[in-house]
Amino acid sequence: MSFAKKALKVLLLLVLAAVALPVLFLGGLRLHYLNIVRPAQTLVTDEFPGPLGAKVNVFSGTGNAFWMCGHNTPAAATPFGMVRLGPDTVSMLVEKPALNRSGYFYGDNRTTGFSHTRLVGADAQEGGVFRVFPTVASRLKKVTAPGRKTKFSHRDEKGFPGYYAVKLPAEGVLAEMTATPRSGAHRYTFSGADPAVLLLDVTSSIGDRRCENGTVSILPGAGEVEGACRLYGSFSGRYDGLDVFFAARSSVPFSAHGTRIREQVKMGAVQAAGNELGILLQYPPSVRQVELRVGISYVSIANARANLDAEAPPATAFPVLVKGARDAWEAYLGRIRVKGGTETQQRILHTALYRTAMMPTLFTDVTGEYMGFDKAVHRAEGFTYYTDFSLWDTFRTAHPLYNLVAPGETGDFMRSLLEMAKAGGAFPRWPSGAGYTNCMFGTPADAVVSEAWLKGIRGFDIEAAYTILRQTATSGPPEGCRFAGRGGLQDYLQYGYCPTDKMRKAVSATLEYAWEDHALSLLAGALGKEDDAREFARRAQFYRNLWNPATRFFQPRDSQGRFTEPFEPLALSYTDFKQKYTKDFVEGSPMQWRWCVPHDPEGLVSLFGGPQRFVPELESFMEKTRKKTGAWHPGSHYWHGNEHHLNAAYLFNHAGRRDLTQKWVRRILDTKYADDYVGVDGNDDGGTLSSWYVLSALGIYPIAGTVTYELGIPLFDEAVVDIGGGKTLKVTAENNAPGDMRVREVTAGGTPVETATLTHDQLMAANELRFVLTPPK
């Protein structure tokens, strides 16, 4: 073969690879994904959002390359609700939704139906139960087989907080849905004369996860269906599954019904059990609109029915249910009211605030009952029990935000975590459903519980909580509680760091354990436990033991005290596939973990040798960030899409360069969030990235596990924050302007603030936090 032919062949192979590889291997970069634009939604329905909900983009954070996707969903829900009713989607090119996390991916153009539960913002497939698919009788042979799906267009979608709708042309149906805290309401309007059919999958799940042991009963006389399944999702599969129960009620009688196991349909049957289980409900040709109300419970079918009867009874019209969800969101979104800023900034803020209340998840039935971590039914007396706490992520930003704007809910959150610890033996780090999941590492509940108590959150037994937290941090969780606690705890205590030859994640674990110890030292001090406070404060300095002054990095160290070589500070765990350089660093590079000492920023600056060395290094780290929101490769420097260095921009405050904190906070607000399907710079992780935006737009950034707020720069001319108890905090930015600005002075309650931080008590007593802005010099 001539050189020219060889070159042409190589060129053709390269072109083919450039097209095929994204389709075959990357999922999020599918061919049709390149055709995505932000279309003007043309779908018109009778339902409409409230004035604040109109500023929310429910599709934000639902697209991008799958590893950088926000994993959000447009599903209809109420704040912190049990039910998130929305579409599950697949691609026209990649039929299996194995890369789908929340059930919905913006790059997809087919739906498999509408299910009732899911996580939000998490890189995990959980939920997707009791999926409903509307169709017509003439299409049954096409849509009852495995792999059922139908095409949709973003132009035919509509969504706002508490409501989702989409037109399915092939089925000739307009699908609308809304939610109450514990139930979902479907409304299907059929356009043709073909008899309407609803297919309900009893054992459905999101992605490629399992749902088994289905049971179903059809009650034709009552127009009802009830059943149950056991879900084995990304998380529930780690504790032997989660039982879910439902009770559904049709608004009109069905004329025919049947059960399905795999592809075998048995018309007229009223009961069935097994895997790949579903039912069929067919309606008379005269019926052109069908509503299906579905109550969910994790305790029993009876409780699912009680939830349905209490929240979505037949007498309550669908528009009234929509209004209920809409009003609930208006109340939550109204906890922060802003003036000024651009229309886009207003939309991003309200979208971010909306995302902060999509998790945690209500887990209590209207009876007060819930399924505990001990797999026994408990009754929540005097509180509401929640689950699905993405604590390793949310402890940094979301829970500090809840302490500020949702103190009532936070008391219930703390009580819920305590009940989990009582039932299971230790506080969880990522509880989901009714069990521990072993997701991520460390004991982030140390910071969450400590900070809540220090900031005045009550309604839970702090002595009982502290006893469990202390035991876990000193001797570990009780035997048998294998999915909680700090890995390598005894080595951490013996050596003053986690040795690389004893465990993985050694550097990341040491840094976070020290931060968690700092939080416990503050809590112990507040409870009058001075000996404990001193011991935890001593341990909070263990981070220093991994600092290599020769490289000026936190570096893996073995049990003999030797720093490992070779050391590659820019090695990224996502691309270091054999983890030759990054086995001791979680989800990032040594460069990114270099700044993870938020509890002792002055100490970190001193390790560098002072501000004169620290500032240029941090400035270089920030400058080398990817410029685009949601860049497909995050790089080894500042990446706003992951948690461990979200504090980095605020570290300049402690090196005498508050102006650089202001510069970088504004730049992140302007460039790392967008009002489109990308939305955020990575996984939103239960509202973690969204909470960073909300807090930083207010000009403050809390240090988790403490009472300290870093001062930044407000984004809006005025913000009024409802802090509970009939009190508000006003944040004003005089001389505000778009783009790069600086803060000339700050006053809290009229008193000049000379420091770069405020305490929680100072902030709460201020009534008004006033910033005077000026252009940079």
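Heads up, the sequence shown is in the numbering used here, so the first residue is 1016 and it goes up one at a time.
For each residue, glycine too, the CB sits at the ideal point set by N, CA and C.
Check: residue i C-beta below 7 Å from any heavy atom of the ligand ZN
| i | result |
| --- | --- |
| Gln1361 | For the ligand ZN, the structure offers nothing, since it holds no ligand at all. |
Cβ pair residue i, residue j closer than 8 Å
| i | j | result |
| --- | --- | --- |
| Thr1824 | Gly1754 | Outside the shown range of the chain, which is 1016 to 1792, sits residue 1824, and nothing can be said about it. |
| Phe1442 | Leu1416 | no |
| Ala1321 | Thr1382 | yes |
| Thr1566 | Phe1498 | no |
| Ser1265 | Val1305 | yes |
| Ala1748 | Leu1788 | yes |
| Tyr1724 | Ile1715 | yes |
| Ala1413 | Thr1376 | no |
| Asp1799 | Asp1591 | In the structure as shown, the chain begins at 1016 and stops at 1792. Residue 1799 is therefore absent and cannot be evaluated. |
| Thr1721 | Glu1550 | no |
| Asp1103 | Tyr1121 | no |
| Ile1294 | Arg1277 | no |
| Val1005 | Ile1311 | There is simply no residue 1005 to check, as the chain begins at 1016 and stops at 1792 in what is shown. |
| Phe1148 | Arg1125 | no |
| Gly1177 | Thr1060 | no |
| Leu1348 | Leu1213 | no |
| Glu1424 | Phe1095 | yes |
| Ala1208 | Ala1327 | no |
| Phe1475 | Gly1426 | yes |
| Leu1622 | Leu1666 | no |
| Gly1068 | Phe1175 | yes |
| Arg1154 | Gly1128 | no |
| Val1259 | Val1144 | yes |
| Ala1395 | Leu1323 | no |
Inter-residue CB distance, residue i and residue j (contact presumed, cutoff 8 Å)
| i | j | result |
| --- | --- | --- |
| Met1373 | Val1135 | 4 Å |
| Pro1584 | Pro1605 | 4 Å |
| Trp1445 | Met1429 | Actually they do not touch by this definition, with Cβ atoms about 16 Å apart. |
| Ile1363 | Ala1734 | About 14 Å separates the two Cβ atoms, so there is no contact after all. |
| Leu1713 | Val1736 | 7 Å |
| Glu1191 | Thr1165 | Not quite, the Cβ-Cβ distance comes to about 16 Å (not below 8 Å), so this is no contact. |
| Ser1447 | Phe1250 | 4 Å |
| Tyr1298 | Leu1257 | Contact doesn't hold; Cβ gap of about 32 Å is too wide. |
| Thr1640 | Tyr1653 | 4 Å |
| Thr1525 | Ala1488 | The Cβ separation is near 14 Å, so there is no contact. |
| Phe1167 | Leu1189 | Not a contact, Cβ separation roughly 11 Å. |
Bridge partners - residue i, DSSP secondary structure assignment
| i | result |
| --- | --- |
| Tyr1247 | Arg1225 |
| His1393 | Tyr1385 |
| Thr1766 | Ala1763 |
| Asn1563 | Phe1568 |
| Gly1701 | DSSP output for Gly1701 lists no bridge partner at all. |
| Glu1545 | Answer is none; Glu1545 lacks a bridge partner. |
| His1007 | The structure shown does not extend to residue 1007, since the chain is modelled only from 1016 through 1792, so no value can be given for it. |
| Thr1376 | Thr1402 |
| Thr1774 | Thr1723 |
| Tyr1716 | Glu1725 |
Of the residues the options, the one placed nearest residue i, counting alpha carbons only
| i | options | result |
| --- | --- | --- |
| Ala1664 | Thr1376, Arg1553, Ile1718, Thr1159 | Ile1718 |
| Gly1339 | Gly1122, Lys1281, Tyr1400, Ser1198 | Ser1198 |
| Trp1562 | Leu1377, Pro1571, Thr1159 | Pro1571 |
| Tyr1179 | His1669, Lys1157, Arg1341, Val1314 | Arg1341 |
| Trp1608 | Ala1332, Ala1421, Gly1714, Ala1586 | Ala1586 |
| Ala1521 | Asn1751, Leu1504, His1533, Ala1534 | Leu1504 |
| Thr1132 | Val1151, Pro1089, Gly1174 | Pro1089 |
| Pro1791 | Gly1765, Thr1774, Thr1766, Trp1679 | Trp1679 |
| Thr1331 | Gly1355, Tyr1385, Gly1426, Thr1193 | Thr1193 |
| Asn1082 | Leu1215, Asn1115, Pro1094, Glu1062 | The sequence given here places Trp at residue 1082; Asn does not occur at that position. For the residues Leu1215, Asn1115, Pro1094, Glu1062, the minimum Cα distance to Trp1082 belongs to Asn1115. |
| Thr1597 | Phe1569, Glu1617, Ser1574, Leu1622 | Phe1569 |
| Ala1211 | Lys1390, Gly1671, Pro1196, His1272 | His1272 |
| Pro1235 | Gln1286, Asp1258, Gly1142 | Gln1286 |
| Ser1431 | Asn1560, Asp1403, Cys1084 | Asp1403 |
| Leu1704 | Ala1712, Gly1387, Glu1658, Arg1673 | Glu1658 |
| Ser1651 | Phe1145, Gly1702, Thr1686, Tyr1589 | Tyr1589 |
| Ser1536 | Arg1553, Leu1526, Ser1523 | Arg1553 |
| Gly1450 | Val1630, Ala1327, Cys1496 | Cys1496 |
| Thr1762 | Asn1751, Gln1777, Glu1172, Arg1682 | Gln1777 |
Minimum Cβ-Cβ distance from residue i to chain D less than 8 Å
| i | result |
| --- | --- |
| Gly1236 | The structure shown contains no chain D; it is built from a single protein chain. |
Do the stretch 1059-1075 and the stretch 1691-1699 meet, that is, are 3 or more Cβ pairs less than 8 Å apart? yes
Under 8 Å, with one C-beta from each stretch per pair, do the stretch 1402-1410 and the stretch 1698-1708 reach the 3-pair mark? yes
Inspect the CB distances between the stretch 1238-1250 and the stretch 1210-1229 and report whether three or more fall short of 8 Å. yes
The stretch 1734-1748 in contact with the stretch 1770-1782 per 3-pair CB rule at 8 Å: yes
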